[in-house]
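In this note's numbering, the protein residues as written are 2 to 60. Cβ coordinates follow ideal geometry from the N, Cα and C atoms, glycine included. Data block below; observations after.
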């Protein structure tokens with residue numbers, strides 16, 4: 002199973018357990034996670050740069 006199929010199955014299971022307000026929040030969170038998954042390389046590089054600057058005291 003690929004990543005998208007797993008996400009769909011997780012969302013279906015959550016829909017059975019929760020009301021609509023919570024479902025919308027979970028879908029938004031899943032969307033954000035999926036978006037980060039698609040662009041994770043540049044995001045991780047950017048975060049590493051920020052953390053290194055803070056650790057070294059440059060900011």
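CB of residue 24 within 8 Å of CB of residue 16, strictly: Here the question's residue 24 lines up with position 23 in the chain shown. Here the question's residue 16 lines up with position 15 in the chain shown. The answer is yes: Cβ separation under 8 Å.
field: Backbone secondary structure at residue 15 - three-state DSSP
entry: Taking the first residue of the chain shown as 1, we reach residue 15 at position 14. In the structure shown, residue 15 sits in a helix (DSSP, three-state: H, G or I).
- prompt: Considering only the beta carbon of each residue, do residue 31 and residue 51 sit closer than 8 Å?
  reply: Translated into the one-based positions of the chain shown, residue 31 becomes position 30. Translated into the one-based positions of the chain shown, residue 51 becomes position 50. Not in contact: residue 31 and residue 51 (Cβ atoms no closer than 8 Å).
- prompt: Between residue 34 and residue 44, is the Cβ-Cβ spacing less than 8 Å?
  reply: Along the chain shown, read from residue 1 onward, the residue named residue 34 stands at position 33. Along the chain shown, read from residue 1 onward, the residue named residue 44 stands at position 43. Their beta carbons are not under 8 Å apart, which means residue 34 does not touch residue 44 by this criterion.
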